[in-house]
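S.K.:
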Amino acid sequence: MNTILVGIIVANALISYKGFNDISFFRKYEFHVGSIRSGEQIRMLSSGFLHVDIMHLAFNMLTLWFFAPDVINYLGTISFVLIYFGSLIFGNLLTMLFHKNDYSYRAVGASGAVTGVLYSAILLNPDKEIGLYFLIWLPGYVFAILYLLYSIYGMKAKNDNIGHTAHFGGAIGGYLITLIKDPALFYDHTFIVVLLLIPILILFVMAKLGKL
């Protein structure tokens, strides 16, 4: 059991619980474009430790618990921490990029950080299977591609309250930081590295063409 991993999960649980019971605390530290643009940069980090409800918190923390050990075992604890927080920031930066003019946009959750860890784990161990509702099992890299394509759809459709942009940004953060930390993956898992790059390129091409 890794102490840092447990510490991150406990921090998410305690801060989220505080937010569940204190709306002023929740509003003060959530991701809010208008407040961030007025100088409250702490929200770029603090929002990643708040969650909407117990189910939101439990889903993110269970996903982190399942996939963080792969990253820790392959790259070490320090690299895991870098990927977690780097992905959190990447997710919020991409969200700011896409929603910078929507001053009322709000979001919370560790989803960006957790998605970054998930994608790092898939890069490091692409054959690891992921179960969808424990009924359908897919190779990790297949799930990764489908998930990013779904995130693009969600960003374009804007028909739910899911922070698809933060998920995508987190995935990009996990992807880039993992490759920087372990460049041998370019040679060891070349096919997977290229496959996971495709939806990222699709996103930026669509953004460039104004399709999002």
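Residue numbering for the sequence shown follows the working numbering, beginning at 96 and increasing consecutively.
From the three backbone atoms N, C-alpha and C, an ideal C-beta is built for every residue, glycine too.
This one's a predicted model, so the numbers in the text were calculated from it and none came from an experiment.
Looking only at C-alpha atoms, which of Tyr282, Ala252 and His146 sits nearest to Tyr112?
M.R.: Taking the first residue of the sequence shown as position 1, residue 112 is located at position 17. If we check each option's Cα against that of Tyr112, His146 comes out closest.
S.K.: Please classify Thr285: is it buried, with 16 or more other beta-carbons within 10 angstroms of its beta-carbon, or exposed?
M.R.: Here residue 285 corresponds to residue number 190 of the sequence shown, with the count starting at 1. Result: exposed.
S.K.: Under a three-way DSSP split, which group does Pro234 fall into?
M.R.: Residue numbering aside, residue 234 sits at position 139 when the sequence shown is read from its first letter. Pro234 falls in the strand class under three-state DSSP.
S.K.: Decide if Thr98 is buried, meaning its Cβ has at least 16 other Cβ atoms within 10 Å, or exposed.
M.R.: Stepping through the sequence shown from its first residue, residue 98 is reached at position 3. Thr98 comes out exposed.
S.K.: Taking its Cβ as the centre, do 16 or more other Cβ atoms sit within 10 Å of Met250, making it buried, or is it exposed?
M.R.: Within the sequence shown, residue 250 is the residue found at index 155, counting from 1. Buried.
S.K.: What are the residues that DSSP puts in a beta bridge with Gly265?
M.R.: Position 170 of the sequence shown, counted from the start, is the residue given in the question as residue 265. None; Gly265 has no bridge partner.
S.K.: Just the Cα atoms here: how many angstroms apart are Thr260 and Ala163?
M.R.: In the sequence shown, the residue the question calls residue 260 occupies position 165. In the sequence shown, the residue the question calls residue 163 occupies position 68. Straight-line Cα distance between these residues: approximately 22 angstroms.
S.K.: Based on the DSSP output, what are the partners of Arg201 in its beta bridges?
M.R.: The count along the sequence shown starts at 1 and reaches residue 201 at position 106. Per DSSP, His127.
S.K.: Taking only runs of the beta strand (DSSP E) that begin and end inside the region 111 to 197, which ones reach a length of at least 3 residues, in chain order?
M.R.: Those beta strand (DSSP E) runs which fall completely within the region 111 to 197 and span 3+ residues do not exist here.
S.K.: Are Thr273 and Leu218 touching if we call contact CB-CB under 9 angstroms?
M.R.: Mapped onto the sequence shown, residue 273 falls at position 178. Mapped onto the sequence shown, residue 218 falls at position 123. The answer is yes: Cβ separation under 9 angstroms.
S.K.: In the structure shown, what three-state DSSP assignment does Gly226 receive?
M.R.: Here residue 226 is taken as the residue at index 131 of the sequence shown, counted from 1. In the structure shown, Gly226 sits in a strand (DSSP, three-state: E or B).
S.K.: Roughly how many angstroms lie between the CA atoms of Asp117 and Ala208, to the nearest whole one?
M.R.: Translated into the one-based positions of the sequence shown, residue 117 becomes position 22. Translated into the one-based positions of the sequence shown, residue 208 becomes position 113. Cα to Cα, Asp117 sits roughly 24 angstroms from Ala208.
S.K.: Looking only at C-alpha atoms, which of Leu304, Leu159 and Lys306 sits nearest to Ser182?
M.R.: The residue given as residue 182 occupies position 87 in the sequence shown. The shortest Cα separation from Ser182 among Leu304, Leu159 and Lys306 belongs to Leu159.
S.K.: Measuring alpha carbon to alpha carbon, tell me which of Ala216, Val288 and Tyr200 ends up nearest Lys253.
M.R.: Residue numbering aside, residue 253 sits at position 158 when the sequence shown is read from its first letter. Comparing Cα-Cα distances from Lys253 to each of Ala216, Val288 and Tyr200, the minimum goes to Tyr200.
S.K.: Considering only residues of the same chain and omitting the five flanking positions on each side of Ile297, which have a CB-CB separation below 7 angstroms?
M.R.: Mapped onto the sequence shown, residue 297 falls at position 202. Result list for Ile297: Ile247, in chain order.
S.K.: Which residues in the same chain have their Cβ closer than 6 angstroms to the Cβ of Thr210, if we skip the five residues on either side of it in sequence?
M.R.: Residue numbering aside, residue 210 sits at position 115 when the sequence shown is read from its first letter. Correct list, in chain order: His262, Gly265 and Ala266.
S.K.: Hey, how far is the Cα of Ser142 from the Cα of Leu304?
M.R.: Taking the sequence shown and counting its residues from 1, one reaches residue 142 at position 47. Taking the sequence shown and counting its residues from 1, one reaches residue 304 at position 209. Cα-Cα distance, rounded: 30 angstroms.
S.K.: Using the C-alpha atoms, what's the distance from Gly269 back to Val176?
M.R.: Taking the first residue of the sequence shown as position 1, residue 176 is located at position 81. Taking the first residue of the sequence shown as position 1, residue 269 is located at position 174. Distance between the alpha carbons of Val176 and Gly269: 11 angstroms.
S.K.: Exposed or buried, Phe299, counting other C-beta atoms within 10 Å across all chains shown (16 or more means buried)?
M.R.: Locating residue 299 in the sequence shown gives position 204, where the first residue counts as 1. Phe299 is exposed by the Cβ-count criterion.
S.K.: In this structure, does DSSP put Ala279 in helix, strand or coil?
M.R.: For the purposes of this step, residue 279 is identified with residue 184 of the sequence shown, where counting begins at 1. Three-state result, Ala279: coil.
S.K.: Along the chain, where does the alpha helix (DSSP H) containing Lys303 start, and where does it finish?
M.R.: Indexing the sequence shown from 1 puts residue 303 at position 208. Note, Lys303: alpha helix (DSSP H), Thr285 to Lys303.
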